[in-house]
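In order, the protein sequence lines correspond to chains A and B. Residues in the first sequence are numbered from 18 upward in steps of one, following the numbering used here. Residues in the second sequence are numbered from 158 upward in steps of one, following the numbering used here.
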Amino acid sequence: KAGVTQTPRYLIKTRGQQVTLSCSPISGHRSVSWYQQTPGQGLQFLFEYFSETQRNKGNFPGRFSGRQFSNSRSEMNVSTLELGDSALYLCASSLDTSGFSTQYFGPGTRLTVL
Amino acid sequence: GEDVEQSLFLSVREGDSSVINCTYTDSSSTYLYWYKQEPGAGLQLLTYIFSNMDMKQDQRLTVLLNKKDKHLSLRIADTQTGDSAIYFCAEAGNTPLVFGKGTRLSVIA
Numbered sequence: 018k019a020g021v022t023q024t025p026r027y028l029i030k031t032r033g034q035q036v037t038l039s040c041s042p043i044s045g046h047r048s049v050s051w052y053q054q055t056p057g058q059g060l061q062f063l064f065e066y067f068s069e070t071q072r073n074k075g076n077f078p079g080r081f082s083g084r085q086f087s088n089s090r091s092e093m094n095v096s097t098l099e100l101g102d103s104a105l106y107l108c109a110s111s112l113d114t115s116g117f118s119t120q121y122f123g124p125g126t127r128l129t130v131l
Numbered sequence: 158g159e160d161v162e163q164s165l166f167l168s169v170r171e172g173d174s175s176v177i178n179c180t181y182t183d184s185s186s187t188y189l190y191w192y193k194q195e196p197g198a199g200l201q202l203l204t205y206i207f208s209n210m211d212m213k214q215d216q217r218l219t220v221l222l223n224k225k226d227k228h229l230s231l232r233i234a235d236t237q238t239g240d241s242a243i244y245f246c247a248e249a250g251n252t253p254l255v256f257g258k259g260t261r262l263s264v265i266a
């Protein structure tokens, strides 16, 4: 069974631009979560989607948004990029949103904002 | 709120055992996880333990859980240079996964 895939793997953008990242979950998984990883803050939860609905949201500004499609694929968007948005963005998929459902991570998208 | 604490660095000699420790605060945690991250890569699920278990063994990996003290440990037997990575402890409950800052394991040949 294929794992979680994320595209693109690397992105370089400039301040003020916007970016869209994509995540395809493991087949059969209906929940997708997004995390931001930086050296200073570690792994921080962005949001979680299940059946095309946002179920949970972390403490990030409104510039960060996401959505999930009927095939469970998810995208996240960051508008008006800031230097501090440079990070590794990780997507994780799980069967559902319960605490009993293990999350499997993709390889991440490395975003650099210049 | 929930918090997960780990020591930041651990250095061991090849062939020795490594023990990585973690403390957490959420008593309603259902599962506790260990993930491994190699340079430039995502998080690889290593193992997990259900909150009502004390111990779980999986080949070279042993997880110990002390629920009273909210302490979790990961023991890697016969540590190899390929085990050099950052190891994250995470707790799952009614909220999204909460991660520790990660322990960087360096294996000296």
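Ideal Cβ placement from N, Cα and C applies to all residues, glycine included. The structure displayed is predicted, hence computed values, not measured ones.
*Which chain A residues are close to residue 253 of chain B, counting only those with a beta carbon under 7 Å from its beta carbon?*
50, 62, 65 and 73
*Whole alpha helix (DSSP H) elements within the segment 183 to 254 of chain B, 4-residue minimum*: none
*List the residues of chain B whose Cβ lies closer than 7 Å to the Cβ of residue 78 of chain A, in chain order.*
Result: empty, since nearest Cβ-Cβ is about 18 Å, beyond 7 Å.
*residue 46 of chain A burial status per 10 Å Cβ neighbour count (16 or more: buried)*: buried
*Assign residue 262 of chain B to one of three DSSP states: helix, strand, or coil.*
strand
*Spell out whether any CB of chain A is found under 9 Å from the CB atom of residue 180 of chain B.*
No, residue 180 of chain B does not count as interfacial toward chain A.
*Between the Cα of residue 254 of chain B and the Cα atoms of A/75, A/101, A/19 and A/70, which residue gives the shortest distance?*
A/75
*Return the chain-ordered list of same chain residues with a C-beta closer than 6 Å to the C-beta of residue 215 of chain B, the five sequence neighbours on each side being excluded.*
Only 204 meet the Cβ criterion.
*Can you tell me whether DSSP reads residue 167 of chain B as helix, strand or coil?*
Under the three-state reduction of DSSP output, residue 167 of chain B falls in the strand class.
*asked:* Give me, in chain order, the residues of the same chain whose beta-carbon lies closer than 6 Å to that of residue 164 of chain B; leave out the 5 immediate sequence neighbours on both sides.
replied: 260
*Return yes when the Cβ of residue 189 of chain B is within less than 9 Å of the Cβ of residue 263 of chain B, no when it is not.*
no
*asked:* So if I threshold CB-CB distances at 7 Å, which residues from the segment 194 to 206 of chain B count as touching chain A?
replied: 198, 199, 200, 202 and 205
_Contacting residues, own chain, Cβ-Cβ under 7 Å from residue 72 of chain A (five flanking each side not counted)_ = 65, 66 and 114
*Can the beta-carbon of residue 202 of chain B be found less than 9 Å from the beta-carbon of residue 22 of chain A?*
No; because the gap between Cβ atoms is not below 9 Å, this pair is not in contact.
_Chain-ordered neighbours of residue 256 of chain B on chain A, where CB pairs are closer than 7 Å_ = 59 and 60, listed in chain order.
*8 Å contact criterion, which residue 100 of chain A and residue 54 of chain A should meet: CB distance rounded*: Not a contact, Cβ separation roughly 16 Å.
*Residue span of the beta strand (DSSP E) that contains residue 91 of chain A, given as start and end*: 91 to 95
*For residue 109 of chain A, count neighbouring C-beta atoms within 10 Å of its own C-beta (all shown protein chains included) and say buried if the count is 16 or more, exposed if not.*
buried
*Using beta-carbon positions only, say whether residue 38 of chain A and residue 95 of chain A come within less than 9 Å of one another.*
yes
*Quick one: what's got a C-beta closer than 8 Å to residue 28 of chain A's C-beta in the same chain, skipping five residues either side?*
36, 38, 126, 127, 128 and 129
*Quick one: Cα of residue 85 of chain A to Cα of residue 228 of chain B, how far?*
36 Å
*Any beta-carbon of chain A closer than 9 Å to the one on residue 187 of chain B?*
yes
*Whose CA, out of B/192, B/199, B/195 and B/230, lies closest to the CA of residue 210 of chain B?*
B/230
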